[in-house]
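Below is one structure; the comments refer to it alone.
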Amino acid sequence: MSLATHWRDLWQRRFFRWIDKRTPRARHFSLDRNNLYIFPNRNGLLYLGLIVVIWLLGTNYQNNLILALAYLMISLFVVSIHHTFGNLSGVTVRFINAQPTFAGEAAVFVLELETAHKRGSETIELGWQGGERQTISLNPREPFRVSLPAPSHRRGYLQPGRLLVQSSFPLGIIRCWSWLNLEAVALVYPQPIAVEEPHHQNSSGREDGGTSRRGGDDFSGLRDYQAGDPIKHIAWKQFAQNKGLFTKEYEAYFSADKWLDWYSLNQLQELRLSGLCYWALHYERQQVPYGLALPELILEPALGEAHLQAVLTALAQFNLAPPSIPTAGKDYVG
Amino acid sequence: MWAKRKVNKTTSVRREYLARDKLAWLLVMQALVILPLLINLPVWLWLVWALAGFWRTQVFRGRWGAPSGLVKTLVTLGCAAGMVASYSGKTGTDTMVGLLVCAFVLKLLEVNSARDAFFLIFIGFVITACQLLFSQSPLAAIYCLCSLLVLLASWRSLQFNRHQTARAGIHAGGRLLLHALPIMLVLFLVIPRLGPLWAVPNQQAAKTGFSDSLSPGDLGQLALNRAPAFRVEFTGLATPPATNQLYWRGLVLDTFDGRTWRQREQWGLPPQADMDQLKVIERLDYSIILEPHGQPWLFSLMTPLRTSAVSNRRPIRITRDYLLFNPIPVAQRLRYEVSSALRLEQPVTPVLANAERASFSRLPARSNPQTYALAAQWRGEGLNDEAIIARALAMFTREFTYSLQPPLLGQHSVDEFLFSTKKGFCEHFASSFSVLLRAAGIPTRVVVGYQGGRWNPVENYLLVSQSDAHAWTEVWIEGEGWRSIDPTAAVAPNRIEQGLDDALSIEEQALVGNNWSGSSLLYNLQLRWDAATFVWQRWVLNYDSQAQEGFLNRLLGGTEAWRITLWLIGLGLLAAAIAAWTLLRSQARPSARAEVRAIQTLEKKLALAGYQRQPGETPGDFIARVVQREPRWQASLSIIGRLFEQVAYRQQEQHLPQLQARIRRFPR
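Those protein sequence lines, which keep their order, are chains A and B.
According to the working numbering, the stretch in the first sequence is residues 1 to 334, in order.
According to the working numbering, the stretch in the second sequence is residues 1 to 668, in order.
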């Protein structure tokens, strides 16, 4: 690492520490002089150079009108600072919600922006720190919703970090920006990973709720092969006929409620959760009622969207402390 | 469920390529900016511009492909060759501007991204500045402002990422420009002016007016030229001085070759007299704004005592002949102040050395024999110098006529004029009068300059035009020095008293296109327009460090450092006050969110009861605090608090009407 990048990193860390102190976390921000920063960007520095060139032209030719043009350009620079600041100041940013997602996929955070500027606010760039940016424009008195994706890496609570809000409208020579510690949280489910099917445990009074039909080898049909299907159920005949890879389905699969039992698997914690997640999705797709048995939580077998969510949420939150919940007072901005 | 719900998906991605309207803005901007320069540019550049614009439009419409690297190289090489051919390696202002415009035009071919567009805008600024190198008239300045307006509008449109009408774009650009003008004005008035930091290639100043030699017919051509030569403002005078005093001396010609008068020596020596010792009876102070004429001489009334102009930091000199001499030819409009002595107690040039006397009387040996004979005859009659002068002037008055179209003269021009044609313009009279006197042994010289001028009562200044160009004679009188004698005044006194138009016959008036005294309305308009030009030149174009100091003196009462500092502090405080006021006003502005507005209404009601929400206190905390003190409001306030929380933090907008109603009804 060169010295320059070292210093830049150091500077950036200090800058963010300072920003975090200045603007504490909140669900709702109003951009104003307390949290907006403004500085010429590279084009702005070029523009200043251009002013020097024109000033030299005017001075060397002793041409007052060219000098006046140079002064007008200085003046435009100053005016542009005000316009750029005015464009962003008065914009409010609030976190609406975030769709849960599976680890490894992008979580989509929904933000709502609104401007108090009577002409609207133009060309605002939004993006999580280090992420992709989106450019939006706001009409006056019209709240505008933006979906900002952030990559998720592991299950649990995803906090996407600081939100960059910036704009260099109208002339593109002054950059006005803000780093907001937005209190945004998305729930991240474990990544579904195929493992062997959890054992069917018939202990401690948990009777199979469904009408369990005897004999798990009554062939009922074929379906597309999915990763994790047992090898012995693969329809080798069809495969040999080049018809593709199919799995033979047997009545017995559908015959009984399934239990996603924590203790029936023997992987490490995260992989075990991934496996349970996989099977929960699988059973839901197959419309087989399933229950969840975690060390401190039991969900009775059921089916349906709400049940699946409850199960996945339980898996996502397993062994994790809840994130700091925003207190009601913080996001009121009068 | 994991089929993601799409939430209001209306985001737009920043486009790398220029949108249609942005390209259109750039094309219009470019056309406007380079249009005034096209006159000064070689014709082939117009063609390159048209081609580049057309090609770029076709690329945009998808008809043609973008020019390949080879094509671009070829076009660039072609333009480079064209530049070399057109300017043939000269490094002047024209070449610089030509190169800039060439780059500006070629850049259009490869403007694809926002970065390229930025670059184009920046060159646009430089080229707008170049417009002002060639013309600085009020009209040029207005045009320049218009092109700046479009430049700003197109610059802004580059940053704008939705659709807007051209009108809205111009409006927004105009708003930026209007906001910028006041600061520009202040900067223009107070930022100190510096002299040129290094020598720049001189502009090719076209030589106007008369040249440094005088042949018959030279000034007659100028009489047709109505262009202004210079404008004079007299200090402390609201009415013009008598016209017969206004002999603006420019150049003294003292060598005659039989047909043409020339300058014997170049400007060399300083004046003989010590300027500070002269006893002045009547003096006149005036300032002149001289149009660039490409010559080193300036104009003044006899006898200039001192000048106060700084032309490129090299002072104007007063020469031995009491002329003003500028070290470099006047290529830009020049303002200078002169103090002239109209009457002196003793002559500034009391004696003439023998060598000088001889040279001021020298005539070519074998020319104009008749004139020499006439002079010898007058001398033979025993006339002295004064009598010979009187005889010659009387002859002019009696036998000669003033005409703009005199007959052409041959080799012995003075003989032909004096003894056969007898019709002439001022240079004929001045020249023949001088020759006649020299033949009689009296030292003379011909002076070229302007005579008279037209008074402009709107701004109280004198406009001297090229048509006022004049030539007259200065005669050496023993004991008195050089005396100005104008033989034209003997022939056509009107020319001196009222100006050229009155001295000409009706037919010749038509020839010079007499537009000054046509209709009185037109005349008035012309007066006013010229007055506007004068004010523009006086206060804008010639606002130099001197004028700046004068202005600041009048505005602030002095230019001492403490005074300026005090003023700056005062202005800063004023600006701070305005900023604070606008900030306070913006904070008092009702919030855009309905529930916040509602809770502000509640706060106003509680404030009447003496409860103020502290800074940093949340509405919930505030309500809880009030309830503790005022148990009677507990029921209504706690409901309001809960509703507010639901609306503001849980996004349960359906409770908003109830919240508003409860707050409206409060304290019931």
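Every residue gets a Cβ at the ideal spot worked out from N, C-alpha and C, and that includes glycine.
Note that the structure is predicted; figures quoted are calculated from it, not measured.
*Given Thr123(A), which residues of its chain have a CB within under 7 Å of its CB, disregarding the five upstream and five downstream residues?*
As a position in the first sequence, residue 123(A) is number 123, starting the count at 1. The residues are Thr135, Ser137, Ser167 and Phe169.
*Buried or exposed: Cys277(A), going by 16 or more other Cβ atoms within 10 Å of its Cβ?*
Walking along the first sequence from the start, residue 277(A) turns up at place 277. By the 10 Å Cβ count, Cys277(A) comes out buried.
*Chain-order list of residues whose beta-carbon lies under 8 Å from that of Pro323(A) (same chain, five-residue window excluded)*: Indexing the first sequence from 1 puts residue 323(A) at position 323. Within its own chain, the residues whose Cβ lies closer than 8 Å to the Cβ of Pro323(A), once the five positions on either side in sequence are excluded, are Tyr157, Gln159 and Val185, listed in chain order.
_Just list the residues that DSSP pairs Leu65(A) with in beta bridges._
On the first sequence, residue 65(A) is found 65 positions in, with the first residue counted as 1. In DSSP, Leu65(A) forms no bridge with anything.
*Quick one: any contact between the region 533–544 of chain B and the region 62–78 of chain A, if contact means 3 or more CB pairs under 8 Å?*
yes
*For the putative contact between Phe109(A) and Leu164(A), defined by C-beta atoms under 8 Å, what is the C-beta separation to the nearest angstrom?*
Taking the first residue of the first sequence as position 1, residue 109(A) is located at position 109. Taking the first residue of the first sequence as position 1, residue 164(A) is located at position 164. In this structure Phe109(A) does not touch Leu164(A) by the C-beta definition: roughly 13 Å separates them, more than the 8 Å allowed.
_Can you tell me where the alpha helix (DSSP H) holding Phe125(B) begins and where it ends?_
Against the second sequence, residue 125(B) aligns to sequence position 125. That run of the alpha helix (DSSP H) goes Ala114 to Phe134.
*Short check: CB of Leu463(B) to CB of Gly453(B), under 7 Å?*
Stepping through the second sequence from its first residue, residue 463(B) is reached at position 463. Stepping through the second sequence from its first residue, residue 453(B) is reached at position 453. It is a contact, given that the beta carbons lie within the stated cut-off.
*Using 8 Å as the Cβ pair cut-off and three pairs as the minimum, do the region 475–490 of chain B and the region 342–353 of chain B touch?*
yes
*Could you have a look at Gly499(B) and say whether DSSP puts it in helix, strand or coil?*
Here residue 499(B) is taken as the residue at index 499 of the second sequence, counted from 1. Coil.
*Who are the neighbours of Phe169(A) on chain B, taking C-beta pairs under 7 Å?*
By one-based count along the first sequence, residue 169(A) stands at place 169. Simply Gln159.
*Excluding sequence positions up to five away, which residues of its chain have a Cβ less than 8 Å from the Cβ of Phe144(A)?*
By one-based count along the first sequence, residue 144(A) stands at place 144. For Phe144(A), where only same-chain residues beyond five positions count, the Cβ hits under 8 Å are Glu112, Leu113, Glu114, Ile136 and Leu138.
*Out of curiosity, what's the CA-to-CA distance linking His28(A) and Gln12(A)?*
As a first step, residue 28(A) must be located in the first sequence, where it is residue number 28. As a first step, residue 12(A) must be located in the first sequence, where it is residue number 12. Distance between the alpha carbons of His28(A) and Gln12(A) is about 24 Å.
*Would you call the region 526–536 of chain B and the region 43–55 of chain A in contact, with 3 or more CB pairs under 8 Å?*
no
*Own chain, CB closer than 8 Å to Pro369(B), minus 5 neighbours either side, in chain order*: Walking along the second sequence from the start, residue 369(B) turns up at place 369. Contacts found: His412 and Asp415.
*Can you find a CB in chain A that lies within less than 7 Å of the CB of Leu566(B)?*
What you label residue 566(B) is simply residue 566 of the second sequence in a count that begins at 1. No, Leu566(B) lies away from the interface with chain A (no Cβ there is under 7 Å from its Cβ).
*asked:* Is there a C-beta anywhere in chain A that falls below 7 Å from the one on Leu687(B)?
replied: With chain B running from 1 to 668 in the structure shown, residue 687(B) is simply not present.
*Figure out for me which residue from Ala280(A), Arg17(A), Arg119(A) and Ser178(A) has the closest Cα to the Cα of Tyr37(A).*
Residue mapping note: residue 37(A) aligns to position 37 of the first sequence, counting from 1. Nearest of Ala280(A), Arg17(A), Arg119(A) and Ser178(A) to Tyr37(A), Cα basis: Ser178(A).
*Sequence-distant residues of the same chain with beta carbon closer than 6 Å to Leu251(B), five excluded per side*: Looking up residue 251(B) in the second sequence gives position 251. Trp297 and Val448, listed in sequence order.
_Please classify Leu584(B) as buried or exposed, where buried requires at least 16 neighbouring CB atoms within 10 angstroms._
Looking up residue 584(B) in the second sequence gives position 584. Result: exposed.
*Is it true that the region 63–73 of chain B meets the region 113–126 of chain B, where meeting means three or more beta-carbon pairs spaced less than 8 Å apart?*
no
_Rounding to the nearest angstrom, what Cα-Cα distance links Tyr332(A) and Arg162(A) in this structure?_
Stepping through the first sequence from its first residue, residue 332(A) is reached at position 332. Stepping through the first sequence from its first residue, residue 162(A) is reached at position 162. At Tyr332(A), the pLDDT of 34 sits below 50, so the modelled position is not reliable and the matter cannot be decided from this model.
*Alpha carbon to alpha carbon, how far is Val28(B) from Leu35(B)?*
Taking the second sequence and counting its residues from 1, the one referred to as residue 28(B) is at position 28. Taking the second sequence and counting its residues from 1, the one referred to as residue 35(B) is at position 35. Straight through space, the alpha carbons of Leu35(B) and Val28(B) are spaced by roughly 11 Å.
*Three-state secondary structure assigned by DSSP to His179(B)*: In the second sequence, residue 179(B) corresponds to position 179, counting from 1. His179(B) falls in the helix class under three-state DSSP.
*Are any of the Cβ atoms in chain A nearer than 7 Å to that of Trp248(B)?*
Locating residue 248(B) in the second sequence gives position 248, where the first residue counts as 1. It does not; no Cβ of chain A falls within 7 Å.
*According to a CB-to-CB cut-off of less than 7 Å, which residues of the region 111–134 of chain B neighbour chain A?*
Phe118, Phe122, Phe125, Val126, Thr128, Ala129, Leu132 and Leu133
*Does any C-beta atom of chain A lie closer than 7 Å to the C-beta of Met96(B)?*
One-based indexing of the second sequence puts residue 96(B) at position 96. No, no contact with chain A.
*Report yes if the C-beta of Tyr143(B) is less than 6 Å from at least one heavy atom of the ligand FMN; otherwise report no.*
Ligands in the displayed structure: none, and consequently the ligand FMN is not present.
*For Tyr461(B), count neighbouring Cβ atoms within 10 angstroms of its own Cβ and tell me buried if that reaches 16, exposed if not.*
In the second sequence, counting from the first residue as 1, residue 461(B) sits at position 461. It counts as buried.
_Going by the DSSP bridge assignment, what does Gln166(A) pair with across the sheet?_
Looking up residue 166(A) in the first sequence gives position 166. The partner list for Gln166(A) (beta bridge, DSSP) reads Glu125(A) and Trp177(A).
*Relative to the C-alpha of Gly294(B), which residue among Pro327(B), Arg306(B), Leu305(B) and Pro182(B) is closest?*
In the second sequence, residue 294(B) corresponds to position 294, counting from 1. When each option's Cα is compared against that of Gly294(B), the closest is Pro327(B).
*Where does Ser211(B) land, buried or exposed, given buried means 16+ other C-beta within 10 angstroms?*
Taking the first residue of the second sequence as 1, we reach residue 211(B) at position 211. Per the 10 Å Cβ criterion, exposed.
*My guess is that Ser431(B) and Pro216(B) are in contact by the Cβ rule of under 8 Å, so how many angstroms apart are they, rounded?*
By 1-based counting over the second sequence, the position of residue 431(B) is 431. By 1-based counting over the second sequence, the position of residue 216(B) is 216. So it is a contact: roughly 7 Å between Cβ atoms.
*Sorted by chain position, which residues of the same chain lie with C-beta nearer than 7 Å to Gln267(A)'s C-beta, five sequence neighbours on each side aside?*
For the purposes of this step, residue 267(A) is taken as residue 267 along the first sequence, with counting starting at 1. Val195 and Gly275.
*Where does Gly424(B) land, buried or exposed, given buried means 16+ other C-beta within 10 angstroms?*
Position 424 of the second sequence, counted from the start, is the residue given in the question as residue 424(B). Burial call: buried.
_Could you check whether Leu303(A) and Ala311(A) sit closer than 7 Å to each other, using their CB atoms as the reference points?_
As a first step, residue 311(A) is located in the first sequence; it is residue number 311 there, counting from the start. As a first step, residue 303(A) is located in the first sequence; it is residue number 303 there, counting from the start. With the sequence shown as reference, residue 311(A) is identified as Val, and Ala is not the correct amino acid for it. No, these two residues do not count as a Cβ contact at 7 Å.
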